[in-house]
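With full-length UniProt numbering, the residue at position 515 of the sequence shown is 515, and numbering never jumps. Each remark here refers to the structure printed beneath this line.
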Amino acid sequence: MIGFGRELKDYSFASRREFILVSGNAYCSSSLAGNTRKYHGLLVCNGRVYLSALDEFVNGRRISSARYADCICDEGLEFIQAFGLYPPTFHYFIDSTAVRKTISFDGAVRITYDVCGKADIAVVPLVADRGVHKTRKTFDFRQKKIGNGVSVGKLTIKSSADFYENPDVYWNVFYERDFERGYECVENLYTPGRFIARVSNGSFEIVANVDGCEIYESLAENQKARSAIECLELAANSFVVGDTIYAGHHWFAEPWGRDTFVSLPGLLIERSRLDVARKVFKFFATRMKRGLIPNRTSSEVSDVSDQSDCYNSSDASLWFVYALEKYLEKTGDTEFVEKMKPYVEDIVVRYPESGVAELDKGLISVRACSTWMDTRFTPREGKPVEVNALWINTLRFADRIGIHCPDSSVKAEKAFRRFWNPKKGCFYDVIDPYDDSIRPSQVIAVALNTADEGKATSILEVVGKELLTPYGLRTLSPRDKRYIGRFRGDESYHNGCVWPWLLGFYVEALLNHGWAKDRLQLLIAPLLEHVRDVGLGTISEIFDGDAPHEPNGCISQAWSVAEVIRAYRLLE
C-alpha cells in the first residue's frame with residue numbers, strides 16, 4: 001500500500017508526488033499539493049483539460065493547495081493527516097472535524113467527502129477547457145445551471161450539495177514543473193460558482209463528466225496493491241487504450257510503434273493479456289507500409305495527435321518481430337503467428353529497401369535520428385548495434401516460422417563480428433562510420449544472443465562499470481566528454497540520462513550468462529522502491545545520470561513499467 005502521513009505537510013515533499021488514474025482516453029491526475037503541471041487535471045479527456053482543480057474549504061479553512069505566480073497557497077497542508085493511493089484518498093482534520101476525500105475515476109470523476117463531526121464545506125470548481133499542451137488566458141465560456149450543478153461547454157458538474165452561480169476568474173495559476181522544463185507555465189482558470197454543503201456525520205459528492213468521454217467500468221474498488229510489483233501491474237493497465245498502447249503519461253498519450261513493441265512483452269504477454277496483445281499486433285500490422293511499422297500513429301480512440309502515421313523509425317518493424325517471437329514463446333499459438341506471417345515476410349523483404357533502412361554487406365544501415373536515440377544530438381547514422389542485432393533476430397525468427405529470407409541470418413551474424421571493439425572490450429555503438437562511444441544499446445545485442453560467451457562477459461563488465469546506476473543504464477559513459485549528468489532537454493536525453501527500460505535487457509543478458517537470480521533481484525530493487533516517489537505506483541521515463549539520479553521526463557512511461565515487470569518475472 002502506497003501512503004504518506006505528516007510528511008505531506010512539507011510542500012516540496014507533497015508537490016513532488018503525483019497520482020494518475022487512467023480510463024481509456026481520459027485521465028485524472030495531480031500532485032498531492034495541487035496541480036504542478038498544465039497536464040494535470042481532475043478530468044482530462046481526448047487530450048483536453050476540462051476540470052482543472054477544486055478549491056476546497058472546510059469551516060472557512062482552505063484545505064486545497066495551489067501555486068500562483070506570486071505566492072504558494074499551501075495552507076491546506078496544515079490540515080492534511082494522511083494520503084493513500086488506491087484509490088486516491090486524503091484525510092484532513094480541522095478543529096474537531098475529520099474529513100476524508102476520495103477520488104474515483106471511470107471516465108467521469110467522482111469526489112466523495114465523508115465527514116465525522118460537523119462541517120460547512122464549500123467547493124469551487126476551476127475550469128480550463130483547453131488542450132493539454134496549452135494554457136488558458138481568456139474566456140468565452142457559456143454556463144448553464146442544471147439543478148444542483150452546472151454545465152460549462154461540454155463539461156457538466158453535479159453534486160448532492162447546493163450550487164450557487166458566481167462566475168469568476170482565478171488569475172495567474174503557476175505550474176512549477178512546466179517552468180522547470182522551460183514551457184509556458186502560467187494560466188487563468190474560470191469558475192462558474194461554488195457548491196456548498198452543511199454536513200453532520202455524513203457525506204456528499206461531486207461528479208464531473210464530459211460529453212463524448214466514454215465511461216468504463218470503475219476500477220477503483222478493485223485497485224488494491226500491497227507490493228511494488230502489484231502497483232506496476234495496475235500501472236500497466238493505464239497504457240492500454242483500445243487496441244493500442246500509449247507510450248507514457250502525461251504527454252506521450254498516443255501509440256508509438258517502437259515503444260509499443262518494446263513494452264508489449266512486459267505489459268501484456270507476461271501478464272497473460274493475450275487477447276489484447278493480439279489486437280495490438282493487428283492494429284499495427286494493418287498499418288504497415290513498405291515493411292515499416294509506423295513510429296507514431298493515430299488511434300481510433302484519441303484525437304490528441306493531429307499527425308498521420310509516421311514511417312520514420314528504423315527499428316519499429318524489428319521490435320514488432322521481437323514481440324511476436326516473445327508471444328510465440330509464451331503461448332505456442334502457431335495459428336495466430338501464421339496470420340502474422342505475411343507481415344513478417346513483408347518486413348524481411350521490403351524493410352531493407354524502405355529508404356529508412358538499407359541492406360549493405362549483410363548489415364542494416366539507417367538514416368540519422370531513426371533509432372530509439374532519436375534527437376539531433378545522437379544521430380547514429382550508419383549501422384547501429386541494436387538495429388543489426390534485431391535484424392539478425394528477425395531473420396532467425398523468419399527462418400523458424402518457414403519464411404524464405406533473401407539474406408540469411410548466418411551471413412548477417414558473420415558481418416556482425418565487425419561490431420567488436422577489442423580496444424574497449426565491448427561493441428561499437430555504430431559502424432560505417434565507426435563510433436566507439438560506450439552506450440547501452442549493446443546490452444540488447446547481448447540479450448539477443450549475438451555475442452559469444454567471452455565477448456558477452458566483457459561487454460557486461462564494461463556496461464556495469466560505465467553505465468549501470470540504481471535506476472537503469474546511462475546513455476553514455478561519464479568519461480565521455482559529451483556526457484551530461486543532469487537532464488537539460490534533448491541534448492542530455494541520450495547523452496547521459498538514465499533509462500530504466502534498458503535494465504530489462506541488462507538483467508536478461510546477465511541471467512543468460514550465469515548470474516544468480518537472487519543477486520540480480522538487487523538490481524531492480526531501487527526501481528521497485530521508486531513507485532513511492534514522483535509518479536506514485538509507476539516508473540518515470542528517465543533519471544539524471546549523476547547521483548542522486550533525480551527522475552525526469554514523463555512520470556509514467558510504458559516501457560519503464562513493462563521492462564521492470566519483465567525483469568521481475570525473469571527473476572521469479
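Yeah, the Cβ is synthetic: ideal placement off N, Cα and C, and Gly gets one too. Quantities reported herein were computed from a predicted structural model and do not represent experimental measurements.
In the DSSP annotation of this structure, the continuous segment of the beta strand (DSSP E) that includes L359 starts and ends at A357 to D360.
Ranked by how close their Cα comes to the Cα of N172, the residues G193, R198, R136 and S160 have R136 in first place. The beta-carbon separation of A316 and I293, rounded to 4 Å, stays under the 8 Å limit for a contact. The residue from T371, V443, A197 and L51 with its alpha-carbon nearest to that of A119 is A197. In this structure, the beta-carbon distance from L318 to V387 falls below 8 Å. The three-state reading of DSSP puts E75 in helix, counting H, G and I together. Assigned with DSSP and collapsed to three states, G291 falls in coil, not helix or strand. Annotation: the continuous alpha helix (DSSP H) that includes W391 extends over V385 to R400.
As DSSP reads the structure, T191 sits in a beta bridge with D168. Residue burial is scored here from C-beta neighbours: N201 has fewer than 16 other C-beta atoms within 10 angstroms and is therefore classed as exposed. In this structure the segment 148 to 163 lies against the segment 189 to 196, because at least three pairs of beta carbons, one per stretch, are closer than 8 Å. For F141, the secondary structure class from DSSP, reduced to helix, strand or coil, is coil. Our two residues, R100 and I364, have alpha carbons roughly 59 Å apart in a direct line. Here A525 has no same chain residue with a Cβ atom under 8 Å from its own Cβ, once five neighbours each way along the sequence are excluded. Fewer than three beta-carbon pairs drawn from the segment 70 to 83 and the segment 179 to 194 are found closer than 8 Å, and the two stretches are therefore not classed as touching. When rounded, the separation of the alpha-carbon atoms in D333 and R271 is 16 Å. C185 carries a coil assignment under DSSP once its states are collapsed to helix, strand and coil.
One Cα belongs to R287, the other to A547, and the distance between them is close to 42 Å. Within the DSSP bridge table, the entry for Y246 names P255 as partners. The shortest CA-to-CA distance from F416 to any of H404, W391 and F397 is the one to W391. With a cutoff of 8 Å on beta-carbon distance, H91 and S556 are scored as not near each other. In this chain, D10 is not harboured by any alpha helix (DSSP H), its DSSP state being neither H nor E.
About 11 Å separates the Cβ atoms of L126 and L43, ruling out a contact at the 8 Å cut-off. Within a 10 Å sphere around the beta-carbon of H404 sit fewer than 16 other beta-carbons, which makes this residue exposed. In this structure, the CA atom of R17 is about 11 Å from the CA atom of G3. Remark: C-beta atoms of N449 and S370 do not approach each other more closely than 8 Å. Taking a C-beta distance under 8 Å as the contact criterion, D346 and G257 do not qualify as a contact pair.
Here G76 is buried. Its C-beta has 16 or more other C-beta atoms within 10 Å. Annotated as proximal: V280 and T244, with beta-carbon spacing under 8 Å. If only complete runs of 4 or more residues are kept, the segment 495 to 531 shows the alpha helix (DSSP H) at 502 to 512 and 517 to 529, in order along the chain.
Cα atoms of V430 and R566: separation of roughly 27 Å, rounded to the nearest angstrom.
Nearest to S492 by alpha-carbon distance, out of D480, T138, E358 and W515, is D480.
In chain order, T469, Y471, G472, L473, R474, T475, I542, F543, D544, G545 and H549 place their CB closer than 8 Å to the CB of V498, counting only its own chain and leaving out the 5 sequence neighbours on each side. For S29, there is no enclosing alpha helix (DSSP H); the enclosing beta strand (DSSP E) covers residues A26 to S31. When the beta-carbon positions are compared, Y246 and E233 stay at least 8 Å from each other.
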